[in-house]
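Remarks on the structure that follows.
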Amino acid sequence: MSEKKYNTKLSSLGILASAFTASLLLGAGTVHADTNKDANANVNQAQAAVNSQAATTTTGTAAKDQAATTDTTNGQAVTTTTSTTKDQAAATSTTKGQTTATGTTEAQAAGTVATTTGAANDQIGTKDQTGTTDHKPDAPGSSTGNTPKAPDSGDQSTGGKTDVPTVPENPDSDKSTNGGPVTSLPKKYQSEDITGENITNNAKLNAFLAEDTAKAGKLNDTAKKIIAAALREGSSVNMDQLTDSAIDVLNKVDLSNKTMDNQYTLKDYDSITNKVVTRDKDTQMPLTKGDKVVNMPALESVKDAETGENATMDIWDSWPVQDPKTGYVQNWNGYQLVVAMMGIPHKSDSHLYLLYNKYGDNNFANWKVAGSIFGYNMAVTGGQWSGSAMLNSDGSVQLYYANVVSQLDTNHQRIASATVNLGLENGVVSIKNVENDQILFEGDGVTYQNFDQWASGANRGGDNPQTRDGHIFQDDDGNYYVAFETATGNDGSNPEKYENLYQWGRYGGDANYNLSEIIKIVGDSDMTMRAQLANSAIGFMKLDMSNPKKPKVEKLYNPLVQTVLAGDEVERPDLMKLNGKYYLFVDARLTRATDTDLVKAADTAVGDNVAMLGFVSDSLTGNFVPLNGDGLVLGASTPSTWRTATYSYYAVKINPDNIKGNSVTVNGKTYTKDYFVNHFLLVNPYMSNRGEVAGKGKNATLGPSYLVEVKDDGTTQVVTNYLTQQGVWDWNEGSAAPELVATSLKEARMDTDTFIDRVNKKGNWYLYRDNAEGKISQQSGWQKVGNDTQYYSTSTGAQVFGAQTINNKKYYFDANSGALYYGQHKINDQWYNFDKTTGEMLTGFVNIPSQDKTVYYAADGHMLYGQQKINGKWYNFAPLSGKMLTGFVYIASQKKTVYYAADGHMLYGRHKINGKWYQFDSKSGKMLTGFVKLSKKVTVYYNAKGQMLVGVHKIKGKWYLFDKKSGAKVTYAKVGKYVQVKHNASVYTAKGKKSKGVYKSGKKVYAQGYAIIKNKLYYKIAKNKYVAAGNIDGVKRTVKKAGYVYAYKNKKLKKQKGLVKKGAKKYTYGGAVLLKGKKYYVVAPSKYMSTKNF
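Under mature numbering (1 follows the signal peptide of the UniProt record, and there is no 0), the letters of the sequence shown match residues -33 to -1, 1 to 1061, in that order.
The following block contains the structure:
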């Protein structure tokens, strides 16, 4: 299973063993193969842990249908041997009240943990599997009557538990585990032996130590040997690189630790990266024309295992049903079968489906879907991940898969097995039912990590729980084995831990390389964490197949391959025997490597970092040596987001029955049939753009397959410019599809394909992008990345963050993503605004319509608040919103009211606002009130609201008259003088009551004083006699229409000489009078002008 992490809590099982059984177990844990002494302890601990989970005896009364067992397992007597030398006593382990013992000789190094499964009253299983058995194994391929059917509805956590492995049988019965030489091919990358390095009178070393005597004093002899050897090999190391952490590791390195053949090292990862980056011709995956790739037609409408709806599906990790011994794709009633993980794009569901096609049919369009293997209405919190499958003798499919349940925010994975019964009618393959669904293995905690150990890890968020991808294999002696993806156990000799940094053999290079890696890893917190957690492995176990439909774990072996310190994932093991040797192929990604510089190198050169690795051994259980020196068989050739990006590589042997003649010609080169079938493999990938990464409607699909030649010298070579049709699992002479072959990246790239990658190097981010030719290069300047606009320095290529000035314009880029800011953003508690189109930082006055406000941004871009002097004028901005204030504003701190114009600046002096006159202090802008002397002759009055008064007003008990236009206070200069009545004037009393008598127009009277009567001004002309001031002072008016003055005499109107022009000023007195039916104003005694002229 690729691309996802899954985990669930491991159930613990403690079962007591009698002293008698313990005595039988003594010496049972026999181990074979390599010479690493630590492996002995590993296997011994593994055996103890395995035994602690197993039931080997029962106490009390046995069930009436089941005989109580004491010294038998599955009805078979347990035979054990104990062998120790004088230097090695048999190891004894007590777990939960159960004592077991294992014994080995010094000659027996870590190779296998032999176990035999046992059945007991308290065996773990599903509720349908807890019935009794008669301990008589079924015939291979037979069906039993007490096995449950697969659930097809409800919340399914498929898989009960089998008996856990217990007592080992005599390991000598397993021919494949006999001691002896490993493969004759040497492992290329092994750490240099520098135990004898000279550090006495070493001139280069002494010169180096002299650079910093304080640091030199902290280095022990081990550290000095490493440095001396590295300097001898040309290292450029300097004292500044030797931090306290680096010195601590160097002092603790175990130089006696040798590189084991099954250890995939940092140097191996480094080597394959170099091949990917340089596009090594022997390992680069063939290119496919992207515009020729199609979605799998059978997946256009498939019933979903969770929802039951018909939907288009993605397909990824897939395994053909194979003969576990020959490795050939099996022929089931004329059909080839494939177990595939499928799901609806953009959803996280992952369940297994069965696909089928006519055996030998290369037509991709002819594949069909039999359905969801484990039924429908499946729970969304778990799933079934892919694994291998074989045919039982009755035609049923025995599936080895990963049973997954959701737990602790991840997925708990267990190796499981199930029997899938099929039907065939009218050319339609159907799934009848699933039975014998059981958990086979979930980690013993010693050799292989279990879920509890992962869950208890301090750094589990960055760890990769993994127990999946079980691959069934049958050796020549008839025994069955399962290789599986896993991690090394915490209680064994290869746990995940920081101290792995001290293991010299895990680096795999010379002293120069190893020293540089130590310094790099220790100096990078991410790499340090990766190194601590890196413990991926390909596990191996032997099965008890007395009932092929209910297999049990019989033995555990040490890992076939492990990547402790170097990486945290190798997956999809594919084990086969070819031309007399054992080959193991796995999938890997550099994203899981400890040294993150490697994935950066691959991604920036090719755009992807996936690979298929291969190993070869003369022995089934070890030691597997990397092919091609570093293991690389296939390396990425196209960017990960292209339509033709691939993953989940699976190698299949070529069936000689598919070849008609005695020779085969591929790309113009002819091979004998015998050579071809024993040296060529078909490799099937899926095109890994799940979730429409390559574009809408472009789903994950099975890709064309490749041919790889496996040579006798331990090297391989991919057949260039050769592809099969999509979805070919079983090669035949009609499989080739030359029309799919692309001869260049440009030809492989679709117009819609794009690749973009941000890479961090020494704290700086850099951007890489592909072009129309398919080549990837570093970018600079303005770049669009997803929905973000970013900028990369044109001089260094490094991405910029924060405030930046580019071409004399200011911008701001997010501190984390580097995305250009648009619109309003709060930065360091200050508000800024950036143009919505260009992202340019705004300054000055900015209107924000959506918030109905105008604000002001200073030269550095931050928003201003309160009173601000801008370009010599005062403005005021709201203290919370920054909104520019207009109109009257009271400033409490200055105890004044001011006025801000519509454009926001403060007003000074005299201003007419909304029809009213106001006066503002010429310096402070303070609104004035009360009497204000504007000039020597003019005094006005502003009320409490600041409005200038006109007309008659009583102020502090006194009456005042203010000019109706100018507002000037009238001083009544006419008092004490004779004045002329310009309009017939009635006489009023002091109380405003009209009295007898009228003063005729033209009469002169003496103005003794004035009075305000009923808010109107009157002149006093005698005791208790007053005439309205309007009859004397008049009202100054503007002539709007030219006209004449008329004299009125003897009831006749006579036009006077001289036209009064428009715009002229005239005083009128009193109100309008009616003459000859028309209204006139008095403009002089007995002189009149029509009101229409004004």
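C-beta: ideal position from N, C-alpha, C; glycine also.
Note that this is a predicted model, so its numbers are computed, not measured.
Per-residue DSSP class, three states only, for residue 440 | strand
Under 8 Å between C-beta atoms of residue 480 and residue 474 | yes
Residue 166 (DSSP reduced to helix, strand or coil) = coil
Have a look at 524, 592, 369, 703 and flag the residue whose alpha-carbon is nearest the alpha-carbon of residue 539.
-> 369
Alpha carbon to alpha carbon, how far is residue 834 from residue 857? Give it in angstroms, no decimals.
-> 12 Å
Would you please state the rounded distance, in angstroms, between the beta carbons of residue 552 and residue 600? I believe it to be under 8 Å.
-> The C-beta separation of residue 552 from residue 600 comes to about 7 Å, placing the pair in contact by the 8 Å criterion.
Distance between residue 372 and residue 812 (C-alpha atoms, nearest Å) = So the two alpha carbons sit approximately 59 Å from each other.
Does the beta-carbon of residue 117 have 16 or more other beta-carbons within 10 angstroms, so that it is buried, or is it exposed?
-> In this prediction, residue 117 scores a pLDDT of 33, lower than 50, which makes its location untrustworthy; no coordinate-derived value is stated.
By a C-beta neighbour count over all protein chains shown, 10 Å radius and 16 as the cutoff for buried, is residue 528 buried or exposed?
-> buried
Give me the Cα-Cα distance between residue 55 and residue 696, rounded to the nearest whole angstrom.
-> Confidence at residue 55 is low in this model, with a pLDDT of 35, below 50, so its placement is unreliable and no value can be given for it.
Where do the N-terminal and C-terminal ends of the beta strand (DSSP E) with residue 386 fall, by residue?
-> 377 to 392
Could you round the C-beta distance between residue 243 and residue 704 to whole angstroms and report it? I think they count as a contact, below 8 Å.
-> That belief does not hold up - the Cβ atoms of residue 243 and residue 704 are roughly 25 Å apart, past 8 Å.
Kindly indicate the opening and closing residues of the alpha helix (DSSP H) around residue 419.
-> 418 to 422
Check each candidate in 1008, 1043, 413, 1041 and name the one with the smallest Cα separation from residue 1032.
-> 1008
Give the DSSP-derived three-state secondary structure of residue 781 in the structure shown.
-> coil
Nonlocal neighbours in the same chain, by C-beta distance under 7 Å from residue 638, ignoring five residues either side | 630, 631
What first and last residue would you give for the beta strand (DSSP E) that runs through residue 858?
-> 854 to 858
Just checking my contact of residue 354 with residue 437 at CB under 8 Å: how many whole Å lie between their CB atoms?
-> 4 Å
Could you tell me which of 313, 409, 508 sits nearest to residue 450, measuring between CA atoms?
-> 508
Residue 602 versus residue 608: straight-line alpha-carbon distance, rounded | 16 Å
Buried or exposed by the 16-neighbour rule on C-beta atoms within 10 Å, applied to residue 313 | exposed
Cβ neighbours of residue 855 in the same chain (closer than 7 Å, five flanking residues each side left out) | 864, 866
Where the beta strand (DSSP E) containing residue 848 begins and where it ends = Element bounds for residue 848: n/a, residue is neither H nor E.
Cα-Cα separation, residue 1029 to residue 1052 | 22 Å
Span separating the alpha-carbon of residue 397 from that of residue 391 | 6 Å
Taking just the CA atoms, how far does residue 576 sit from residue 611?
-> Distance between residue 611 and residue 576, taken at the CA atoms: about 14 Å.
In the DSSP assignment, find the alpha helix (DSSP H) that holds residue 484 and state where it starts and stops.
-> 478 to 489
Please report the residue range of the beta strand (DSSP E) in which residue 1057 lies.
-> 1054 to 1057
Burial state of residue 348, where buried means 16 or more other Cβ atoms lie within 10 Å = exposed
Count the other CB atoms within 10 Å of the CB of residue 755; is the residue buried (16 or more) or exposed (fewer)?
-> A residue is called buried once 16 or more other Cβ atoms fall within 10 Å of its Cβ, and residue 755, having fewer, is exposed.
Specify, as a first and last residue, the run of the beta strand (DSSP E) that residue 736 falls within.
-> 731 to 737
What number of angstroms, rounded off, separates the C-alpha of residue 160 from the C-alpha of residue 331?
-> 53 Å
Work out the CA separation of residue 573 and residue 66 for me, nearest whole Å.
-> With a pLDDT of 33 at residue 66, under the threshold of 50, the modelled position of that residue is not reliable, and the figure given next carries that caveat. In a straight line, the C-alpha of residue 66 is about 55 Å away from that of residue 573.
What's the C-alpha gap between residue 921 and residue 1057?
-> So the alpha carbons of these two residues sit roughly 35 Å apart.
Could you check which residue in 255, 515, 1045, 1050 has the C-alpha nearest to that of residue 654?
-> 255
Cross-strand partners of residue 519 (DSSP beta bridge) | Answer by DSSP bridge pairing, in chain order: 511.
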